[in-house]
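All remarks here apply to the structure that follows.
Number of protein chains: 8
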Amino acid sequence: MNSKELTRLLQSLVDGQISIDDGVERLKQLPFEDLGVAQIDHHRELRQGVPEVVLGESKSLEQLKIILTAMAKQGGNILVTRLDGEKVTALCNQFPEAEYDVDARTLCLLQQKIEITGRGTVLVVCAGPSDIPVAREAVITARMLGNQVEELIDVGVAGIHRLLARGDQLQKATVIIVVAGMEGALPSVIGGLVATPVIAVPTSVGYGAAFGGIAALLGMLNSCASGVTVVNIDNGFGAAFAANRINRKG
Amino acid sequence: MNSKELTRLLQSLVDGQISIDDGVERLKQLPFEDLGVAQIDHHRELRQGVPEVVLGESKSLEQLKIILTAMAKQGGNILVTRLDGEKVTALCNQFPEAEYDVDARTLCLLQQKIEITGRGTVLVVCAGPSDIPVAREAVITARMLGNQVEELIDVGVAGIHRLLARGDQLQKATVIIVVAGMEGALPSVIGGLVATPVIAVPTSVGYGAAFGGIAALLGMLNSCASGVTVVNIDNGFGAAFAANRINRKG
Amino acid sequence: MNSKELTRLLQSLVDGQISIDDGVERLKQLPFEDLGVAQIDHHRELRQGVPEVVLGESKSLEQLKIILTAMAKQGGNILVTRLDGEKVTALCNQFPEAEYDVDARTLCLLQQKIEITGRGTVLVVCAGPSDIPVAREAVITARMLGNQVEELIDVGVAGIHRLLARGDQLQKATVIIVVAGMEGALPSVIGGLVATPVIAVPTSVGYGAAFGGIAALLGMLNSCASGVTVVNIDNGFGAAFAANRINRKG
Amino acid sequence: MNSKELTRLLQSLVDGQISIDDGVERLKQLPFEDLGVAQIDHHRELRQGVPEVVLGESKSLEQLKIILTAMAKQGGNILVTRLDGEKVTALCNQFPEAEYDVDARTLCLLQQKIEITGRGTVLVVCAGPSDIPVAREAVITARMLGNQVEELIDVGVAGIHRLLARGDQLQKATVIIVVAGMEGALPSVIGGLVATPVIAVPTSVGYGAAFGGIAALLGMLNSCASGVTVVNIDNGFGAAFAANRINRKG
Amino acid sequence: MNSKELTRLLQSLVDGQISIDDGVERLKQLPFEDLGVAQIDHHRELRQGVPEVVLGESKSLEQLKIILTAMAKQGGNILVTRLDGEKVTALCNQFPEAEYDVDARTLCLLQQKIEITGRGTVLVVCAGPSDIPVAREAVITARMLGNQVEELIDVGVAGIHRLLARGDQLQKATVIIVVAGMEGALPSVIGGLVATPVIAVPTSVGYGAAFGGIAALLGMLNSCASGVTVVNIDNGFGAAFAANRINRKG
Amino acid sequence: MNSKELTRLLQSLVDGQISIDDGVERLKQLPFEDLGVAQIDHHRELRQGVPEVVLGESKSLEQLKIILTAMAKQGGNILVTRLDGEKVTALCNQFPEAEYDVDARTLCLLQQKIEITGRGTVLVVCAGPSDIPVAREAVITARMLGNQVEELIDVGVAGIHRLLARGDQLQKATVIIVVAGMEGALPSVIGGLVATPVIAVPTSVGYGAAFGGIAALLGMLNSCASGVTVVNIDNGFGAAFAANRINRKG
Amino acid sequence: MNSKELTRLLQSLVDGQISIDDGVERLKQLPFEDLGVAQIDHHRELRQGVPEVVLGESKSLEQLKIILTAMAKQGGNILVTRLDGEKVTALCNQFPEAEYDVDARTLCLLQQKIEITGRGTVLVVCAGPSDIPVAREAVITARMLGNQVEELIDVGVAGIHRLLARGDQLQKATVIIVVAGMEGALPSVIGGLVATPVIAVPTSVGYGAAFGGIAALLGMLNSCASGVTVVNIDNGFGAAFAANRINRKG
Amino acid sequence: MNSKELTRLLQSLVDGQISIDDGVERLKQLPFEDLGVAQIDHHRELRQGVPEVVLGESKSLEQLKIILTAMAKQGGNILVTRLDGEKVTALCNQFPEAEYDVDARTLCLLQQKIEITGRGTVLVVCAGPSDIPVAREAVITARMLGNQVEELIDVGVAGIHRLLARGDQLQKATVIIVVAGMEGALPSVIGGLVATPVIAVPTSVGYGAAFGGIAALLGMLNSCASGVTVVNIDNGFGAAFAANRINRKG
């Protein structure tokens with residue numbers, strides 16, 4: 011709400027088109043609406059197909075049931091991340107149409123067709139088989155957010171020819187998410203091959219001096235390929251969310 | 011494919027058993043030149059106005075003179091980063107048309123007009139006055155790479171109303187680079203306000219438990235705003251390069 | 011006991027008003043009583059309603075039963091912190107009037123009405139739902155220590171408008187405890203909004219580079235809001251104890 | 011501005027007591043003024059005697075001259091922290107009435123008598139002679155902020171009887187700032203002796219495994235005395251600011 | 011070389027302007043097959059007796075069954091590392107001829123006689139009894155890779171005479187793998203005794219400030235014996251692989 | 011064996027008093043016996059009452075049974091450290107005369123009366139109740155090694171008067187072992203009170219920024235009391251062993 | 011002062027043998043004198059030849075001159091540690107009889123003959139030439155404290171035979187201080203060779219992953235030789251002080 | 011000296027071929043000579059052309075002059091590492107025939123022709139221009155030790171095609187030393203390309219989260235290419251020494 015709109019509002023008040031009570035009510039929204047920042051929340055409700063996201067890890071089964079039931083009523087899509095153990099069975103029983111991905115540990119409840127809102131393709135590349143769970147979380151999140159997604163699996167730098175053979179696929183993507191544990195070198199190689207945005211996701215794969223992903227994280231932060239950005243360890247969800255920020259139209 | 015097989019392939023070509031087109035197709039698979047990966051370098055030479063980048067820090071004055079002289083002859087633009095001390099005076103004497111930015115520690119030699127190749131605006135936001143040098147490096151780099159750049163200075167989270175008053179500027183940017191030291195909280199606030207890509211740059215500003223930027227780095231990696239990505243400490247250059255990857259057309 | 015009182019004591023000894031044995035007995039207390047430091051212990055017994063505090067975590071069920079039985083006989087209030095597992099059921103059976111809070115993991119045995127001894131209100135603010143357990147420990151501890159307590163839940167910096175809407179509540183508190191995990195940015199924002207004491211509690215909420223609360227701890231130690239103080243990770247009890255030091259009359 | 015006031019404002023608009031333009035102007039202030047958070051800034055200007063604070067470390071002499079000249083014109087008191095080197099001489103020449111403290115590295119420009127606004131005494135205790143600079147920064151800051159301040163020097167835990175002899179002084183303070191390097195044990199001892207707020211300041215004093223203050227910082231965060239709070243390493247200014255938050259009336 | 015140039019090259023071949031040999035030579039330069047880098051994979055299939063290696067840790071029983079069944083059909087030897095729990099029983103049932111080593115946590119399926127391809131002996135030395143599992147992994151891996159292997163157990167530096175008594179055995183080895191936890195001092199002593207390659211393997215043996223092998227790792231990286239190299243913590247497999255690189259003929 | 015003895019040995023060989031084979035046999039012992047370093051082992055067997063020590067943690071029940079049975083036959087005393095779980099029951103069944111201490115996690119098999127070989131008393135001081143297990147390990151080890159041992163429990167620095175009241179006991183000890191977790195401040199206070207050797211043992215007691223004992227370890231290494239030495243985290247055994255080195259006669 | 015003495019004092023007061031004022035005066039000393047802890051200070055003044063110790067590093071030349079002049083007047087010996095730069099020349103001019111050791115960075119002012127008060131010999135062993143400064147600080151401190159001291163230089167573990175050749179010297183010492191940087195392995199070897207107390211001093215010698223002495227420190231804390239104790243990095247003074255605690259008579 | 015030789019020695023003593031004194035003398039050497047470990051030292055003196063190595067960094071100019079003069083007299087070759095500043099000029103004046111390499115910071119004094127004793131070629135590969143100093147140290151050390159050395163410069167993973175184009179050179183080397191800073195990814199790529207030993211040298215090149223080489227070090231320790239070994243940060247000398255251990259004949 012800019013000055014013009016505010017003037018118009020006050021004018022209609024003076025003109026008696028709206029009551030003082032209505033005016034108070036509308037103006038009380040100001041701190042939120044006028045900041046020019048809170049639109050996202052409204053957009054969400056308006057743009058069909060965008061999922062509600064629930065972090066499953068830190069919530070009890072009871073809490074999840076309440077939250078999901080309430081959300082499901084609104085008719086939108088729902089993505090639960092980091093869900094495992096017995097909570098999965100219970101929730102799948104209650105929501106039989108929901109799909110659980112055992113690698114990604116995600117539960118997707120699709121009540122609407124996902125509308126593709128991305129400009130191009132999000133490519134999720136993954137260094138080794140142990141990195142697949144994090145890569146899958148990225149793939150599913152990016153899809154739920156309305157992106158065209160492709161996967162490229164097991165192309166670690168110790169067998170560089172396997173990666174190089176997929177040069178076309180790398181070149182065609184709009185955003186590339188690179189998931190790697192151990193020394194986390196893959197984003198450097200890919201960052202040197204393409205001019206598109208590269209989001210690096212360190213994984214906690216490895217042992218000893220891998221320090222639960224610190225080695226990969228540091229490797230990626232120090233990438234010799236310019237302009238590689240990094241998210242938190244094992245944060246496939248965050249990488250997909252960042253890719254969505256980049257890939258969305260407008 | 012070994013020499014023998016290659017010989018056989020060429021023989022069958024000479025023998026007319028396969029067409030030249032088929033031969034080209036098969037040989038194109040030889041994964042390298044055909045990987046479509048080395049083009050970037052060529053593109054660089056072709057696309058005028060894109061700068062050569064030289065890291066000034068680890069090079070001697072002699073080395074810099076040789077490199078810059080050679081580069082300057084090719085007629086393109088040159089960006090030297092992390093340049094300071096007596097090397098500045100010497101190089102400014104030799105290249106009087108070059109511009110040195112004392113905050114950013116960059117030297118820009120413009121021999122061609124920079125062509126704006128970005129889709130929208132790169133906004134560089136900076137938490138406190140001490141973060142300005144890193145922010146300036148990002149601003150200058152992004153400009154040299156062909157982007158429209160805006161700056162928003164000294165809007166740290168301890169005076170949150172100053173930031174909120176600039177909601178419009180935040181909403182209009184295509185990519186936002188957020189530079190902050192100390193606790194590195196600014197990207198979280200901004201990431202919650204906008205839907206556009208947010209690249210966080212931790213700075214080494216602070217003392218004691220700031221640990222030369224580690225506090226800010228960890229804060230940004232753990233941002234509670236989804237989809238914030240991070241670059242290395244004080245890496246204004248890298249953030250701008252990442253922003254350019256996002257902002258470039260096509 | 012200062013020089014004057016000591017003179018008076020010796021005088022009454024010389025005057026025969028007290029025996030040498032009594033004198034010895036009183037003077038043997040000196041190293042403790044005269045230090046002017048040990049009064050707290052006596053105050054505790056005198057001031058009714060102040061709880062005994064037991065750290066439940068490192069004690070066996072047997073030890074806890076013995077300690078609590080002994081304490082309960084003295085008629086005061088008792089607060090057991092960090093209590094969980096099967097110890098809860100056993101103790102709740104033995105002390106059916108005790109109240110267990112499953113979030114805070116505290117057991118409160120109230121044998122007397124808590125007397126409000128604080129000057130004003132302790133406000134406990136909490137960034138995200140996962141921080142609630144630590145916040146609850148602070149709330150319950152502060153109440154047991156005789157403070158008026160209010161709670162403000164789920165006002166993280168990624169949705170800054172929710173916090174700003176509660177400006178009044180922030181302004182009216184006498185002490186504010188701010189509980190936050192991940193990047194720990196909330197105390198900086200609140201510290202910039204109010205002039206009252208702000209005690210920051212980092213939580214171990216998060217994963218990867220959150221390093222079990224180190225990211226939040228460092229963030230808070232480096233807060234750009236001046237005069238924010240910090241306690242140990244997940245130390246809701248300590249924060250409430252510090253708030254009580256600040257809020258107590260006198 | 012609450013609902014009642016807003017209603018009154020709109021009523022006076024409808025009543026024609028204020029023009030639409032005036033209404034727009036007043037309502038445009040809302041995001042700042044109505045948040046109930048930005049008053050501090052205004053209070054500052056109103057309450058005479060409260061100093062402007064400038065961090066000297068990261069500013070050039072030129073910047074400092076401009077800032078101080080501008081501030082000095084407003085007639086209030088000014089505190090420059092972390093100032094040293096040749097900047098001291100230059101500024102002392104320009105502001106001959108300013109006082110520089112070589113230990114604290116502070117420059118104080120007093121243009122008004124400091125009004126004591128604190129409820130009681132801030133006591134700054136210091137473990138060893140090497141901790142004095144940080145303690146002095148706390149002392150001077152607390153004084154400039156309007157507090158009665160006392161100092162207690164060189165009472166480290168390896169000579170515990172020196173500390174115990176000062177029990178009275180400890181008991182009488184309203185807030186105690188404890189400055190210590192090396193193992194940082196002093197706040198634990200003092201926290202066990204008094205019921206008042208204790209703010210611990212780790213210093214970077216020590217060598218080897220002191221790790222520039224980390225040992226003291228960790229010691230203080232893990233204090234076995236309940237309710238000790240901690241600020242950043244060497245942050246005497248921050249400790250005084252926190253003490254001022256606690257000590258201020260109202 | 012792009013499609014056009016390739017077409018031209020083939021045309022000139024068809025036209026007889028260049029000979030087939032010349033064509034082969036030029037095409038061999040197409041950097042890939044000609045990189046001389048992918049041969050390893052082929053060699054593997056050709057050289058009988060070289061094992062396939064499977065990391066057992068991160069794979070499910072189902073995955074392992076599929077992989078091992080497929081590999082076993084090819085008739086070569088198979089080494090599964092880091093295998094334990096119930097997966098062992100299941101796999102031993104399915105492959106009754108496989109041998110499981112409970113210390114090394116390796117499963118070896120020998121379908122061919124191992125051909126000794128090493129130049130000399132790989133000696134695996136082990137500091138204490140707790141280091142044996144890692145040493146055994148090295149021993150078994152080195153044997154499976156075709157090396158003559160000897161073991162020397164429990165010769166830690168706190169009983170230096172036991173080590174010195176085995177000087178002959180140390181001198182005769184071609185490569186020495188030294189496995190040690192705690193302070194990791196053994197490689198320094200051995201590195202000073204022999205002129206042969208010494209590969210140090212830190213183990214996670216120890217507690218407290220051993221930090222899961224960091225103490226040993228740092229000790230080995232800082233060895234005062236020149237030319238000691240180090241692998242990751244607990245990486246017996248990697249050390250044996252490195253020894254094999256050194257020991258292989260050719 | 012010095013030159014004189016060696017001359018005598020060779021003389022007796024030349025004189026035919028011993029055969030060449032005997033000479034070879036005796037001289038082959040040289041590297042061990044003549045180093046003047048390996049006597050400890052022999053002393054052990056000679057000095058009755060000195061225990062064999064077995065680290066229980068990393069050994070299986072089978073291994074422990076074999077080792078203890080063999081050792082028990084030699085008739086000496088045996089100390090098993092870090093023993094817990096079901097291994098305790100099994101071993102106590104097999105060695106019914108052995109005593110298990112549930113706090114210290116030690117198993118003592120006394121087959122001979124312990125001979126007191128220490129010069130004076132080893133005093134084990136312990137900061138809080140949670141530090142008792144480590145203190146008990148030190149107490150039992152020191153006793154098994156032949157020292158007079160006293161204990162002083164729960165005298166942490168937050169209640170300093172309790173410690174000061176025990177000044178006599180501190181002054182009379184020959185060696186003091188101080189066991190403390192959290193901030194590890196107790197050794198500094200005691201080191202300032204006495205002139206005797208003080209061995210500090212950090213414990214892993216605490217949470218959050220205690221980092222499993224690192225805070226206490228750093229605190230102790232940086233003790234402001236001169237001449238305090240430190241052992242590894244939770245290493246009650248090592249502290250007692252060091253105390254025994256100091257306290258032994260000769 | 012125990013109960014008996016206190017009774018006697020009060021009796022003499024009642025008997026009129028001492029005045030009330032005298033009684034007050036004597037009893038006011040109680041908190042210090044009666045703690046049974048402060049004797050050290052008095053002993054110091056009484057026992058001639060024990061040096062005053064001044065840490066030179068953190069004091070200005072002015073401060074040092076004042077302190078040393080005051081101390082020198084009392085006629086005892088003075089040891090200044092960590093003294094260098096221009097302060098050395100100035101102090102040597104003022105105290106021409108003082109001896110400065112450039113390696114140890116110590117200044118010794120001997121005004122009395124040092125009385126040997128130690129029971130036996132303190133042996134200072136040093137791994138490499140770069141560790142000599144720290145070793146020298148230990149040697150000089152131990153001598154100033156009244157101990158017989160021997161040195162053993164450059165016997166690192168990478169040339170183990172040089173150490174073993176000095177077995178006799180190791181066996182004869184009463185306390186051994188072992189100074190080592192890099193991997194810090196020497197104390198483990200020596201601790202395994204002797205039954206006497208071994209104090210390990212890590213030095214900051216090394217580069218890269220030596221991390222300024224952390225590698226050596228961790229190595230020593232994890233020594234596989236039982237009963238090795240450790241002091242802070244580069245703390246030769248502290249090691250000597252600890253050795254003096256052990257070596258002093260009675 | 012084995013049993014056979016010992017028997018022969020004693021026999022010749024009994025036979026009167028050598029005197030008892032001679033026997034004593036020879037047997038006194040035993041601890042050194044008979045350990046079968048100390049031969050290296052003797053070999054050194056025997057094998058001409060092997061250099062003496064002096065670490066220049068921690069030695070004063072005076073010390074270096076004395077050491078080098080003494081060594082030079084023996085007529086062998088001398089390698090001084092980590093030498094810089096004014097020491098270079100002074101030593102080059104004194105030893106005008108010595109060659110100083112400003113990148114490697116090495117001084118080589120060749121008094122004999124270096125005899126090539128290596129089996130094959132040591133290839134030193136270097137990721138970026140900033141890594142050259144460390145690579146040069148490795149090159150010069152390896153040459154001085156008698157190896158054929160080749161260099162491959164500036165083939166970082168962000169431009170992977172440059173590396174792949176040099177496949178032949180990689181394949182032909184006997185040992186490959188890979189020097190890289192930043193993320194340290196190059197050894198993983200090369201380790202996947204070749205079957206020869208790969209020694210990784212992390213450099214301190216980089217800033218921020220490079221942490222002086224820790225990022226590269228961790229990356230290399232976690233290399234996904236099996237059998238890559240690692241030396242300390244910036245330790246070009248150590249890598250060359252390790253390569254020499256591998257490459258030497260015999």
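Chains as they are written, first to last, in our numbering: chain A, 11 to 260; chain B, 11 to 260; chain C, 11 to 260; chain D, 11 to 260; chain E, 11 to 260; chain F, 11 to 260; chain G, 11 to 260; chain H, 11 to 260. For each residue, glycine too, the CB sits at the ideal point set by N, CA and C.
In this structure the region 235-250 of chain G does not touch the region 237-247 of chain E; the number of beta carbon pairs closer than 8 Å is below three. For residue 124 of chain H, there is no enclosing beta strand (DSSP E), as DSSP marks it with neither H nor E.
Around the beta carbon of residue 97 of chain F, 16 or more other beta carbons lie within 10 angstroms, which makes this residue buried. In terms of Cα proximity to residue 140 of chain G, the closest of H:140, H:22 and H:67 is H:67.
Of the residues A:122, A:112 and A:193, the one whose Cα lies closest to the Cα of residue 62 of chain A is A:122.
The C-alpha of residue 70 of chain A is placed about 56 Å away from the C-alpha of residue 118 of chain D.
Residue contact with chain B for residue 237 of chain A: present (Cβ-Cβ distance below 8 Å to some residue of chain B). The contact set of residue 248 of chain H on chain E, defined by CB atoms closer than 7 Å, consists of 236 and 237 in chain order. Taken through DSSP and simplified to helix, strand or coil, residue 258 of chain E comes out as strand. Linking residue 79 of chain F to residue 220 of chain A through their CA atoms gives a straight-line distance of about 41 Å.
Residue 167 of chain B and residue 224 of chain B have their C-alpha atoms some 18 Å from each other.
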